[in-house]
Structures are given as C-alpha cells and as structure tokens.
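Quick note on numbering: the sequence shown equals residues 1 to 290 in full-length UniProt numbering.
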Amino acid sequence: MHSSNGRDASAILATIRAALPGLSPSQQRLARLAADAPYEVARLTITEFAQRGETSPASVTRLCRALGLDSYAQLRMELAVAGQQLEGEGQRISGDLTEDSTLSEVVEALGDLDARSIKETARLLDLDALEAVVEAIGDARHVYLMGAGSSHVVAVYLELKLRSLGVATTTFYDMANAVIGIALAEQGDVMLLVTPTGIARESVPILTEAKRRGCVTVALTGNPRSAVTGVADHCLMTVQGESDLQTGVLSSRVAELFVTDCITSGLVVRRHDRSVRALAAVEEALQSYW
C-alpha cells in the first residue's frame, strides 16, 4: 500500500528510526512513541500524541516535516498501515532490555532487534546510491576507508572483503593517518566513511579533503540530517535500533555490516569473472599457507 505521495507506507518505521539521531529531544520522544507503537499512535489526535510525548502539537508538525511528510494525517495513515503489517507478521516491536532480563530474554530481544535493523535498513536503502557506490569501487584504482571506535570494525570488515575481491584498499582509524594516506589519492579513487551519527568532528573535513583530491566520497551513516550527507557524493543510510542495554558504544553494527555485504556482493555481480579469479587466488594462497 502506498501513501498519497507514492511512498511505501510500511517504510515509515525505517524512516523514523533513521531520522532519530538528527531530531530534537522532543521530536525524538515522539518518534520513539510512533516507532514502538505505530498502530496505537495512529489512533491519537495530534493533541493527544503531543501530550503522550510531553510536548506541543507544533513539535508533532515539525516531526512530520523532518520525516518528509505533508501532515500529521499522513503520518497517522502510514503508521496505521505499518502497525497492521507488523501485527500480521507477528513481529515484536520493542527490543528493550533491563537489568532484570534473563539471558534467554536478552538473546531473543537482541535477535529481534538486529533482524529488524537489517530489514528496515534494506527497506530504506537507496538502490541508486548503492549502485553508484558499487560502480565507483569497481572502477577505482584505490579505495580508502575510515571509521573510528566500533565503526573501525566495519571499515576493516569491508577492507578484508574488498581485498579478497582484488580491490586495493586501505583503512584508517583517525584523521591524521587518513590525511596522510589520501595525500596521493587520484581522480576516481573512493573514500568511504563509516559514521553512525555523522557528527564526529573529523567526518566533514576528511570527506572534503578526499573530494578535493578527486575521490568519490561515500558516507555510511544512520543520521540522514547530519552534515556529512551534504558533503558526500553518495550516502548509504542504516537503521539501528537500540535497547536499554545496547546503546551508545554498545550498539550493534549489524546494519552497517549488512550494507557492506550488499556492496561486496554487488561488486561480485558487476565484475563476476574478475571476482571469481580473485577469490580463487585467495583460496589457493590460504590452502598453501595452512
């Protein structure tokens, strides 16, 4: 089912979760209410919804605009459809954990949360942007990756896969090494930055410097309103849910890893013969080593 502007109504929950990092505190409260209980919120008036979120109807209107919606009526309609779909699929909406949760509850809740993150990321992923990134990496002389903290794990994961496919790749942990590393970058090289929030102080400078040197710049981020989205040539959005015991630095990076898998699998499809040869060479080298 589609809304009046042609958007898949079932994608509204993914849109809400992706927008969360860039929203104001009052809008975040409203957004979380809508994401956790879409069918219930769909039955509320704008005043009732604002009261639930301990804010004003004006904040509800601003939230709708931030989500790309024309009105609260449109938000209610899309939430109603999404809520019905979730009930039909028998999905859990809440992945919250507390200090009293049992280990089995932790496993079940995190399994639900990560599965939902991947599904919503897939639903929201811009396929045109993904194709452009795959094309750029396939044509690049060299690919540069950067991610700090837990994001560095995602960058290294992508580096290992790209190198196995015969793509020259280097990963940086901090700004200083990245600046030195891309000093010899050439036109058509790729700089991909993994930045969940998009607000790290080095994000915009490194993408700007890479672009100045002729690189195709890519941001893998969960914040569609961050400054990096205005700098990067291509943005690949992720949706990562959080629970009470899985937040901040403890947040899962499963959504970002899923997108990197999409990139490398797309690369295999795009240049199949070359990828197969590269993978065979890697397999032979590993067999000889062991």
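Ideal Cβ placement from N, Cα and C applies to all residues, glycine included.
Predicted model, so just to flag it, every value in this text is computed and none were measured.
Just to confirm the assignment, what range does the beta strand (DSSP E) spanning Val216 have? As a first step, residue 216 is located in the sequence shown; it is residue number 216 there, counting from the start. From DSSP, the beta strand (DSSP E) with Val216 extends over Val216 to Thr221.
Span of the beta strand (DSSP E), counted from its first residue to its last, around Leu145: Residue 145 sits at position 145 when you count from the first residue of the sequence shown. That run of the beta strand (DSSP E) goes Val143 to Met146.
Go through its chain and collect everything with a Cβ distance to Leu20's Cβ below 7 Å, but skip five positions before and after it. Sequence index remark: in the sequence shown, residue 20 carries index 20 (1-based). Once the five neighbours on either side are set aside, the close Cβ partners of Leu20 are Gln28 and Ala31.
Looking at Ala115: is its Cβ nearer than 8 Å to the Cβ of Gly83? Locating residue 115 in the sequence shown gives position 115, where the first residue counts as 1. Locating residue 83 in the sequence shown gives position 83, where the first residue counts as 1. Their beta carbons are not under 8 Å apart, which means Ala115 does not touch Gly83 by this criterion.
Assuming Ile199 and Ser226 are in contact, meaning their beta carbons sit under 8 Å apart, how far apart are those beta carbons, in whole angstroms? Looking up residue 199 in the sequence shown gives position 199. Looking up residue 226 in the sequence shown gives position 226. Your pair Ile199 and Ser226 checks out as a contact, with CB atoms roughly 6 Å apart and the cut at 8 Å.
Looking at C-alpha atoms only, which residue of Phe172, Gly111 and Gly214 is the closest neighbour of Ala185? As a working mapping, residue 185 is identified with position 185 in the sequence shown. When only C-alpha atoms are compared, the closest one is Gly214.
Look at the alpha carbon of His234 and the alpha carbon of Asp100, and state the distance between them as a whole number of angstroms. Counting from one through the sequence shown, the residue named residue 234 turns up at place 234. Counting from one through the sequence shown, the residue named residue 100 turns up at place 100. Answer to the nearest angstrom: the Cα atoms are 42 Å apart.
For Val231, name the three-state secondary structure that DSSP assigns. Residue mapping note: residue 231 aligns to position 231 of the sequence shown, counting from 1. Three-state DSSP puts Val231 in coil, outside helix and strand.
Looking only at its chain, what residues have a beta carbon closer than 7 Å to the beta carbon of Val154, apart from the 5 residues adjacent to it on each side? Position 154 of the sequence shown, counted from the start, is the residue given in the question as residue 154. Only Gly147, Val194, Arg253, Glu256, Leu257 and Thr260 meet the Cβ criterion.
So does the region 176–192 actually touch the region 204–218, counting three or more Cβ pairs closer than 8 Å? yes
If we ignore side chains and look at the alpha-carbon of each, how far apart do Gln287 and Val167 end up? Residue 287 sits at position 287 when you count from the first residue of the sequence shown. Residue 167 sits at position 167 when you count from the first residue of the sequence shown. Using only the alpha carbons, I get a separation of about 21 Å.
With 16 other CB atoms within 10 Å as the buried threshold, where does Tyr157 fall? Residue mapping note: residue 157 aligns to position 157 of the sequence shown, counting from 1. Tyr157 should be labelled buried.
Using the DSSP secondary-structure output, state which residues sit across from Phe172 in a beta bridge. Here the question's residue 172 lines up with position 172 in the sequence shown. Residue pairing for Phe172: DSSP places it in a beta bridge opposite Met146.
Rounded Cβ spacing between Thr229 and Thr221 (contact assumed at less than 8 Å): Start at 1 with the first residue of the sequence shown, and residue 229 comes out as number 229. Start at 1 with the first residue of the sequence shown, and residue 221 comes out as number 221. Indeed, because the Cβ distance is near 7 Å, the residues count as touching under 8 Å.
DSSP state of Val81, grouped into three classes? Within the sequence shown, numbered from 1, the residue matching residue 81 stands at position 81. The answer is helix: DSSP assigns Val81 an H, G or I state.
The alpha helix (DSSP H) that contains Val156, what's its start and end? Counting from one through the sequence shown, the residue named residue 156 turns up at place 156. First-last of the alpha helix (DSSP H) with Val156: Ser151 to Ser164.
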